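Residue numbers (full-length UniProt numbering), protein chains in the order written: chain A, 1 to 316; chain B, 1 to 316.
Printed below as a string of structure tokens:
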């Protein structure tokens with residue numbers, strides 16, 4: 001069937017759309033069987049596989065009027081690729097489940113797939129399978145498989161005396177989301193940061209090779225994720241606000257919205273920056289910024305005091 | 001937080017529920033890192049990984065008043081495990097994404113997880129990760145990883161002269177669904193077959209070792225799946241209705257609903273029976289039943305004629 005640009009999923013049918021989607025997702029030499037059979041078959045170079053899964057829900061994680069289909073594809077891929085980054089691994093293969101209403105335009109699904117494939121290509125990963133079904137709202141489920149060439153870096157290895165370090169933009173996506181939530185479209189650089197994160201994909205492996213003792217990606221907020229590190233490691237973490245230079249666009253948004261721009265940095269997620277602990281400031285790799293330290297005890301403090309800002313993203 | 005039996009997801013929160021869920025999903029010696037970090041880490045015995053993903057949507061694939069949470073868990077797992085079976089592989093590890101309304105009872109989520117874990121345990125597979133988020137309806141996304149000890153059996157290897165063979169109950173789940181759709185709850189054996197399929201998990205590897213030339217699981221209907229084999233292999237397939245003995249419960253339902261019970265067998269999915277082609281009837285393994293043959297040409301015929309019954313499940 002030839003698909004017209006304004007066809008809906010209901011008109012195209014499952015197999016009509018799938019035949020277009022598989023053209024977007026090209027395999028690589030490690031994909032022995034790609035989309036189209038009951039399962040994909042992958043050649044794994046060596047013995048350890050890193051796997052993670054994440055869902056993206058319309059109205060909850062994105063709005064079709066706030067981000068293009070391609071942007072949603074980039075973000076859905078980035079959010080999953082980032083989980084492999086946060087283990088110090090390299091993402092290789094992904095599956096996508098797309099549940100959508102029958103009136104979803106085929107063009108949206110294809111643009112989503114193109115954005116998704118572009119983001120994956122930026123780290124050399126490919127889509128090897130998927131599922132397509134009907135639901136009342138768009139729900140995207142992604143699973144990513146990766147590999148580590150060294151031991152994966154877990155959340156649980158931080159030690160008192162370690163330093164806390166950050167890599168990547170932090171708070172920009174939260175600033176962009178706040179702008180969109182008030183009905184504005186600028187500063188454009190923040191709106192774009194929300195729509196399509198610039199994920200520090202090389203930094204996870206870099207941290208692992210530099211001897212990071214713990215590692216996590218910031219999807220729910222800096223303080224919230226520092227709390228996950230602290231809890232898993234059985235330590236306390238203190239974040240120092242004077243370590244951050246507040247970027248000009250966040251200062252502008254703070255002034256315009258009457259908000260403290262530091263709240264975007266401490267509470268914001270969605271940039272997929274990485275947070276790690278290192279045994280010594282001297283081994284923190286280039287591009288990373290020391291933003292705190294690890295102590296005996298439990299919980300997270302900001303400048304030595306309890307944090308009373310927004311707690312970060314909650315799913316329910 | 002202590003969870004009361006009648007708490008909702010909104011009351012329990014993401015982390016309240018996750019802490020209960022991870023108790024249900026126990027790892028095995030191949031799970032180096034299980035749920036709770038950014039990704040799971042798996043030890044893979046040898047070099048090929050088989051991966052598949054499938055979504056299950058409330059109101060589309062199940063109704064909470066037609067099946068218990070545990071049944072939905074069993075079915076969601078079975079549907080994915082069956083895809084590895086249909087490659088001749090053995091399922092090892094799974095991830096689950098659960099998107100659900102905030103008013104979903106925690107008890108439903110936990111019973112679902114228990115049913116899911118039980119079905120996985122029946123083949124020695126374990127849950128290694130997942131995601132939990134909010135959506136307007138329950139959407140379950142499962143990804144399964146498996147391995148093959150021999151070459152995977154694809155859809156594309158059928159040759160003219162091969163025989164078509166089936167293993168497992170076929171049409172029972174469709175009969176059960178028809179009964180429920182009319183507001184009845186019996187014959188109970190069919191309703192149970194719809195709620196919790198009896199999947200022939202050992203038969204995929206058995207077919208591969210016996211030299212099957214193509215293999216698929218029946219989730220969308222026997223004729224529809226035979227059509228997928230025919231298309232992928234570039235052959236024609238004829239199904240013979242006299243090969244089937246119609247089971248008594250399907251005869252009873254046909255009589256009660258005024259339907260031809262053969263339609264449940266030819267058009268029904270959801271039993272996750274397997275359909276395979278073998279080069280010769282003499283090599284068809286025990287438990288399999290020859291139900292047709294492979295010819296030159298294209299498409300599927302039933303008793304040599306075009307099939308005009310229900311086409312099987314369509315997703316849009």
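Glycine included, every Cβ here is placed at the ideal spot set by N, Cα and C. For clarity, every value in this text was computed on a predicted model and none was experimentally measured.
Nearest residue (CA-CA) to residue i, options the options
{"i": "residue 255/A", "options": "266/A, 175/A, 279/A, 110/A", "result": "175/A"}
{"i": "residue 158/B", "options": "243/B, 235/B, 149/B, 308/B", "result": "235/B"}
{"i": "residue 36/B", "options": "216/A, 293/A, 145/A", "result": "216/A"}
{"i": "residue 106/B", "options": "136/B, 10/B, 212/B", "result": "10/B"}
{"i": "residue 119/B", "options": "144/B, 139/B, 15/B", "result": "144/B"}
{"i": "residue 283/A", "options": "162/A, 210/A, 29/A", "result": "210/A"}
{"i": "residue 207/A", "options": "57/A, 28/A, 84/A", "result": "84/A"}
{"i": "residue 53/A", "options": "309/B, 203/B, 40/B", "result": "40/B"}
{"i": "residue 42/A", "options": "42/B, 38/B, 50/B, 142/B", "result": "50/B"}
{"i": "residue 288/A", "options": "59/A, 191/A, 260/A, 164/A", "result": "164/A"}
{"i": "residue 401/A", "options": "260/A, 243/A, 241/A, 242/A", "result": "Past the edges of chain A, shown from 1 to 316, lies residue 401/A, and the structure says nothing about it."}
{"i": "residue 79/B", "options": "162/B, 269/B, 230/B, 265/B", "result": "269/B"}
{"i": "residue 91/B", "options": "232/B, 21/B, 68/B, 204/B", "result": "204/B"}
{"i": "residue 66/A", "options": "193/A, 124/A, 95/A, 29/A", "result": "193/A"}
{"i": "residue 6/B", "options": "104/B, 253/B, 281/B, 279/B", "result": "104/B"}
{"i": "residue 295/B", "options": "279/B, 307/B, 285/B, 286/B", "result": "279/B"}
{"i": "residue 108/A", "options": "262/A, 267/A, 275/A, 68/A", "result": "68/A"}
{"i": "residue 224/A", "options": "110/A, 123/A, 265/A", "result": "265/A"}
{"i": "residue 93/B", "options": "111/B, 34/B, 61/B", "result": "34/B"}
{"i": "residue 32/A", "options": "253/B, 31/B, 166/B, 48/B", "result": "48/B"}
{"i": "residue 275/B", "options": "88/B, 12/B, 110/B", "result": "88/B"}
Closer than 8 Å at the beta carbon, the chain B residues around residue i
{"i": "residue 60/A", "result": "133, 134, 135"}
{"i": "residue 235/A", "result": "Ordered by position in chain B, no residue passes the 8 Å Cβ test against residue 235/A, which lies about 16 Å from the chain."}
{"i": "residue 129/A", "result": "51, 52, 53"}
Per-residue burial, residue i [other beta carbons within 10 Å of its own, 16 or more giving buried]
{"i": "residue 160/A", "result": "exposed"}
{"i": "residue 169/B", "result": "buried"}
{"i": "residue 147/B", "result": "buried"}
{"i": "residue 305/B", "result": "exposed"}
{"i": "residue 248/A", "result": "exposed"}
{"i": "residue 195/B", "result": "buried"}
{"i": "residue 4/A", "result": "exposed"}
{"i": "residue 219/A", "result": "buried"}
{"i": "residue 23/B", "result": "exposed"}
{"i": "residue 63/A", "result": "exposed"}
{"i": "residue 45/B", "result": "exposed"}
{"i": "residue 297/A", "result": "exposed"}
{"i": "residue 182/A", "result": "exposed"}
{"i": "residue 185/A", "result": "exposed"}
{"i": "residue 149/A", "result": "exposed"}
{"i": "residue 58/B", "result": "buried"}
{"i": "residue 55/B", "result": "buried"}
{"i": "residue 121/B", "result": "exposed"}
{"i": "residue 151/B", "result": "exposed"}
{"i": "residue 281/B", "result": "exposed"}
{"i": "residue 29/A", "result": "exposed"}
{"i": "residue 230/B", "result": "buried"}
{"i": "residue 243/A", "result": "exposed"}
Check: residue i C-beta below 7 Å from any heavy atom of the ligand ATP
{"i": "residue 256/B", "result": "Inclusion of the ligand ATP in the displayed structure is not the case, the ligand content being empty and no account of it being possible."}
Chain B contact residues for residue i, given Cβ-Cβ distances below 7 Å
{"i": "residue 152/A", "result": "33, 41"}
{"i": "residue 84/A", "result": "39"}
Whole-Å CB distance - residue i paired with residue j, under 8 Å assumed
{"i": "residue 257/A", "j": "residue 178/A", "result": "6 Å"}
{"i": "residue 200/A", "j": "residue 273/A", "result": "7 Å"}
{"i": "residue 222/A", "j": "residue 239/A", "result": "7 Å"}
{"i": "residue 299/B", "j": "residue 227/B", "result": "7 Å"}
{"i": "residue 132/A", "j": "residue 17/A", "result": "6 Å"}
{"i": "residue 214/A", "j": "residue 153/A", "result": "7 Å"}
{"i": "residue 116/A", "j": "residue 77/A", "result": "5 Å"}
{"i": "residue 302/A", "j": "residue 241/A", "result": "6 Å"}
{"i": "residue 237/A", "j": "residue 309/A", "result": "About 15 Å; that fails the 8 Å criterion."}
{"i": "residue 86/A", "j": "residue 21/A", "result": "Actually they do not touch by this definition, with Cβ atoms about 28 Å apart."}
{"i": "residue 233/B", "j": "residue 155/B", "result": "7 Å"}
{"i": "residue 271/B", "j": "residue 197/B", "result": "5 Å"}
Partners in chain A for residue i, counting only beta-carbon separations shorter than 8 Å
{"i": "residue 95/B", "result": "51, 52, 53, 143"}
{"i": "residue 158/B", "result": "Correct list: empty, because the minimum Cβ distance to chain A is about 13 Å."}
{"i": "residue 44/B", "result": "44, 47, 48, 49"}
Contacts that residue i makes with chain B (C-beta to C-beta distance below 9 Å)
{"i": "residue 216/A", "result": "37, 38"}
{"i": "residue 155/A", "result": "36, 37, 38"}
Proximal residues of chain A, C-beta to C-beta of residue i below 7 Å
{"i": "residue 287/B", "result": "Residues of chain A passing the Cβ test: none, with the nearest at roughly 20 Å."}
Under 9 Å from the C-beta of residue i: neighbouring residues of chain A
{"i": "residue 73/B", "result": "Per Cβ cutoff of 9 Å: no residues; residue 73/B is ~17 Å from chain A at best."}
Below 8 Å, how does it come out for the segment 68 to 76 of chain B and the segment 123 to 132 of chain B: are there three or more Cβ pairs, yes or no? no
For the segment 134 to 144 of chain A against the segment 94 to 104 of chain A, are there 3 or more C-beta pairs whose distance is under 8 Å? yes
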